[in-house]
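To start, the structure itself, in structure tokens.
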């Protein structure tokens with residue numbers, strides 16, 4: 001019989017230790033072997049401090065690479081109940097023990113390919129953080145806070161959710177300059193976006209705080225796999241154990257990156273830094289010159305949102321040369337309905353910012369920062385370009401009337417040709433920005449020349465983002481899904497509810513004519529469904545809840561001809577010409593999900609984020625309209641209960657997006673159709689495979 005024992009011997013011809021042998025003896029032998037290897041390779045190698053556990057911190061003169069490293073395995077239940085502070089300390093120090101010497105250039109080859117990391121021999125290791133912890137510069141505190149002291153300027157790349165508090169010195173992150181005068185700044189850094197780099201000056205003392213809202217955000221992975229494996233959790237540990245784990249992890253090198261993750265740092269090219277510095281200088285001179293308004297445009301994935309975030313953070317935290325000065329307030333015209341920064345998809349807003357933005361858009365998709373918003377009812381201006389321009393001009397007029405003393409940043413869609421170019425030229429003509437910045441050096445040439453000729457002020461071009469990169473598993477549609485899901489599950493701007501929407505009691509809005517006070521009806525942009533199909537058309541869909549501030553918002557719509565659609569008798573505002581509400585006299589309160597239509601009680605069952613109900617109550621008798629259009633279909637909401645049940649039953653394996661909702665209890669959810677393999681898929685839907693065994697003539 002063929003032997004099946006394939007254990008590898010660690011020490012020459014010696015037999016592997018028995019399961020009962022002490023584990024520490026194996027580590028001691030391995031450590032001695034590694035020390036001998038390191039000494040023979042380079043006797044002049046710089047010795048770096050390291051720690052191997054919270055209980056036993058190595059001497060500062062111990063070479064970093066001589067400490068045996070290992071991947072942290074899942075702990076038994078008894079071990080998971082220990083103090084989160086101890087576990088956090090262990091995780092960070094374990095990551096420190098796994099890093100390689102920072103002296104070789106990046107990338108470098110692993111000096112010890114035989115370490116227990118089980119990595120391929122000769123694998124390239126990329127250094128990310130220059131900080132190296134020891135007993136003096138790394139001090140954990142009982143409440144889970146970690147204090148870091150940097151004698152020299154250091155850089156730290158951190159994965160996860162955390163807070164940054166500067167005690168001494170100065171630090172920068174994502175363009176924001178932080179000093180001891182500033183409060184804790186909270187950061188969400190998932191690996192599906194480029195990670196911000198925390199840089200410190202000489203003699204800086206900072207505190208890293210665990211994020212109180214991290215657990216609730218991670219719990220959304222129970223409802224949708226798109227939220228899974230984004231953070232610093234191990235691939236073997238699920239969401240159920242995240243409360244026992246630290247909310248962040250310092251990434252010292254690529255060997256610290258969780259398995260199968262793709263990680264990239266947030267990079268600001270020199271041309272960006274130069275332009276940012278000039279814009280900050282222009283803002284300082286705004287007292288003697290016009291207040292800056294910066295118009296950002298460029299192709300898709302050129303880095304407009306990233307550059308706008310860096311610029312906003314620089315402008316907010318700029319103290320005009322004096323650390324005693326307070327932060328500034330700026331305004332953001334967030335007018336990309338496909339990838340908005342501070343609202344759910346399909347919405348454009350005027351946003352007031354008084355603190356840095358250090359998280360991706362799906363972490364703050366609520367309208368809490370919005371001064372005024374409008375529903376495009378689509379993720380592109382192409383549905384109705386005229387209405388889009390009207391809404392943008394209305395938001396700009398609000399800025400001019402109430403916030404004209406604040407610097408304005410305008411972030412536009414990536415539609416730069418055809419009708420999209422016409423929209424940009426009209427916006428430039430009407431908004432008259434002090435500078436137009438085009439983020440691409442590769443044209444198209446006709447687009448650049450048209451925008452440049454339209455601009456009457458300064459026009460400049462800078463290169464697009466060097467990392468126009470997103471995680472392959474997070475497409476633009478997936479990111480919109482995450483943003484919409486985050487919006488509907490938000491309790492506060494920093495916490496989320498992980499209960500499926502189908503399990504949350506809905507609002508009940510009566511649409512009977514005699515009790516329909518304050519509810520005008522449903523208005524459909526674009527396609528007009530047949531009245532008898534209205535209930536089916538809106539059931540399970542997203543609608544915009546719009547407050548009508550003046551009757552002139554209806555333009556020439558005849559409210560006397562409201563149709564009671566079909567058997568449901570839902571009031572439908574007759575709109576054969578597909579007209580829209582006038583944005584001068586209406587505003588969006590938020591998005592709602594129609595959970596169901598109760599035709600017997602004549603009620604609409606609606607779901608929305610926490611706090612939206614209070615806005616409805618504050619409408620003070622003004623009429624409300626539900627706007628239907630071409631919002632993304634919320635398929636994520638239909639399968640939440642199925643995913644949650646599968647998770648509870650332990651069926652939380654990573655599934656392909658084409659196999660969503662698979663489980664034994666799928667039949668319990670009639671609104672979810674289960675497809676297996678290539679069922680009901682067209683020819684060519686399967687993965688194509690190259691055949692190399694075919695004969696050749």
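In full-length UniProt numbering, the protein residues as written are 1 to 697. Think of the CB as a built atom: it goes at the ideal place given N, C-alpha and C, for glycine as much as any other residue.
Spatial neighbours of residue i in its chain, beta-carbon cut-off 7 Å, leaving aside the 5 residues before and after
i: residue 2; result: Because the pLDDT of residue 2 is 44, which lies under 50, any placement of that residue in the model is unreliable, and the number read from its coordinates should be weighed accordingly. Excluding positions up to five away in sequence, the list is empty.
i: residue 157; result: 128, 129, 195, 197, 251 and 265
i: residue 180; result: 166, 167 and 168
i: residue 647; result: 222
i: residue 504; result: 607
i: residue 269; result: 463 and 466
i: residue 644; result: 222, 223 and 500
Residue i and residue j closer than 8 Å at C-beta
i: residue 293; j: residue 408; result: yes
i: residue 145; j: residue 202; result: no
i: residue 627; j: residue 543; result: yes
i: residue 325; j: residue 175; result: no
i: residue 526; j: residue 578; result: yes
i: residue 533; j: residue 593; result: no
i: residue 585; j: residue 549; result: yes
i: residue 699; j: residue 546; result: There is no way to answer for residue 699, as the model of the chain reaches only from 1 to 697.
i: residue 606; j: residue 224; result: no
i: residue 589; j: residue 625; result: no
i: residue 210; j: residue 246; result: yes
i: residue 311; j: residue 173; result: no
i: residue 461; j: residue 428; result: no
i: residue 344; j: residue 591; result: yes
i: residue 481; j: residue 226; result: yes
i: residue 161; j: residue 188; result: yes
i: residue 253; j: residue 149; result: no
i: residue 703; j: residue 199; result: The requested residue 703 is not part of the displayed model; the chain covers only 1 to 697.
i: residue 283; j: residue 315; result: yes
i: residue 603; j: residue 510; result: yes
i: residue 373; j: residue 587; result: yes
Alpha helix (DSSP H) segment containing residue i, residue limits
i: residue 701; result: With the chain covering 1 to 697 only, the question about residue 701 has no answer from this structure.
i: residue 602; result: Premise fails: residue 602 is in no alpha helix (DSSP H) and is neither H nor E.
i: residue 617; result: 612 to 617
i: residue 681; result: First-last for residue 681: undefined, no H or E at that position.
i: residue 202; result: No alpha helix (DSSP H) contains residue 202, which DSSP labels as neither H nor E.
i: residue 214; result: 214 to 218
i: residue 535; result: 534 to 538
Residue range of the unbroken beta strand (DSSP E) whose run includes residue i
i: residue 450; result: Note, residue 450: premise wrong, no beta strand (DSSP E); alpha helix (DSSP H) at 445 to 454.
i: residue 334; result: 330 to 334
i: residue 192; result: Premise fails: residue 192 is in no beta strand (DSSP E) and is neither H nor E.
i: residue 167; result: 154 to 168
i: residue 249; result: 248 to 250
i: residue 508; result: 507 to 510
i: residue 523; result: 519 to 524
i: residue 648; result: No beta strand (DSSP E) holds residue 648; the alpha helix (DSSP H) holding it covers 640 to 648.
i: residue 140; result: 138 to 140
i: residue 364; result: Note, residue 364: premise wrong, no beta strand (DSSP E); not H, not E.
i: residue 437; result: 435 to 439
i: residue 370; result: 370 to 375
Own chain residues within Cβ distance below 8 Å of residue i, not counting five before or after
i: residue 706; result: Residue 706 lies beyond the range of the chain shown here (1 to 697); nothing can be said about it.
i: residue 444; result: 416 and 417
i: residue 541; result: 593, 594, 628, 631, 633 and 634
Sequence-distant residues of the same chain with beta carbon closer than 6 Å to residue i, five excluded per side
i: residue 306; result: 465
i: residue 104; result: Any reading at residue 104 is ruled out, since the residue's pLDDT is 35, under 50, leaving its predicted position unreliable.
i: residue 681; result: none
i: residue 371; result: 350 and 352
i: residue 458; result: 435
i: residue 491; result: 497 and 610
i: residue 84; result: Its pLDDT being 40, under 50, residue 84 is placed unreliably by the model, and nothing is read from it.
i: residue 636; result: 224, 481 and 485
Inter-stretch contact (C-beta, 8 Å, three-pair minimum) for the stretch 436 to 445 and the stretch 356 to 376: Taking one beta carbon from each stretch, the stretch 436 to 445 and the stretch 356 to 376 have fewer than 3 pairs nearer than 8 Å; the two do not touch.
Any alpha helix (DSSP H) of 4 or more consecutive residues that is wholly inside the stretch 253 to 304: Correct list: 270 to 284.
Inter-stretch contact (C-beta, 8 Å, three-pair minimum) for the stretch 409 to 428 and the stretch 330 to 346: Touching, per the Cβ criterion.
Stretch-stretch touch, CB-based, cutoff 8 Å, three pairs: the stretch 343 to 352 with the stretch 374 to 393: Verdict: yes, contact present.
Completely contained beta strand (DSSP E) runs for the stretch 390 to 418, where each covers 3 or more residues: Listed in chain order, the beta strand (DSSP E) elements of length 3 or more contained wholly in the stretch 390 to 418 are 408 to 411.
Contiguous beta strand (DSSP E) assignments of at least 3 residues, all confined to the stretch 546 to 579: Entirely contained in the stretch 546 to 579, the beta strand (DSSP E) runs reaching 3 residues are, in chain order, 563 to 565 and 570 to 572.
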